[in-house]
Amino acid sequence: MAWFLANETEPLVDDNYVLNVLNYINELNESLSSEQSKCLERKHQDQNRKQDRLECEVNWDTILCWPRTPPGTLATIPCFDELNGILYDNTREYMCHFHV
Numbered sequence: 000m001a002w003f004l005a006n007e008t009e010p011l012v013d014d015n016y017v018l019n020v021l022n023y024i025n026e027l028n029e030s031l032s033s034e035q036s037k038c039l040e041r042k043h044q045d046q047n048r049k050q051d052r053l054e055c056e057v058n059w060d061t062i063l064c065w066p067r068t069p070p071g072t073l074a075t076i077p078c079f080d081e082l083n084g085i086l087y088d089n090t091r092e093y094m095c096h097f098h099v
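Quick note: the sequence shown uses numbering that gives the first Met the number 0, first residue 0, plus one each step.
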């Protein structure tokens with residue numbers, strides 16, 4: 000259960016493992032929901048702009064929000080170092096392909 004403390008979650012509840020896991024999942028869902036909401040708002044604002052050229056749209060991939068990107072370019076954004084106690088490489092790549 001050390002990963003709960005390492006992830007700065009709520010304190011352990013009376014050594015109840017199941018309750019602690021549920022609390023951790025709820026916190027994770029709340030943080031992702033907030034990021035998803037921000038991304039969807041960004042996407043909505045972006046769609047209201049008049050576009051003179053074709054581009055890949057703002058995209059939420061369930062964890063990260065990808066910016067509007069010109070076709071044929073590589074979008075690279077900072078990634079998380081850790082998620083759910085699993086360490087990750089801190090970069091992720093997404094290639095924008097636009098088919099006319």
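By construction, the Cβ of each residue, glycine as well, lies at the ideal position given by its N, Cα and C atoms.
In the structure shown, E81 adopts extended strand secondary structure according to DSSP, grouped into three states. Rounded to the nearest whole angstrom, the CA to CA distance from L63 to E40 is 14 Å. By DSSP's assignment, T68 forms a beta bridge with C55.
Between K37 and V57, the C-beta spacing is not below 8 Å. Here P66 has V57 and A74 as same chain residues with Cβ atoms under 7 Å from its own Cβ, once five neighbours each way along the sequence are excluded. Excluding five sequence positions before and after T68, the CB atoms of its chain that fall closer than 7 Å to its own CB belong to E54, C55, A74 and C95, given in chain order.
In this structure, the CA atom of D60 is about 33 Å from the CA atom of N15.
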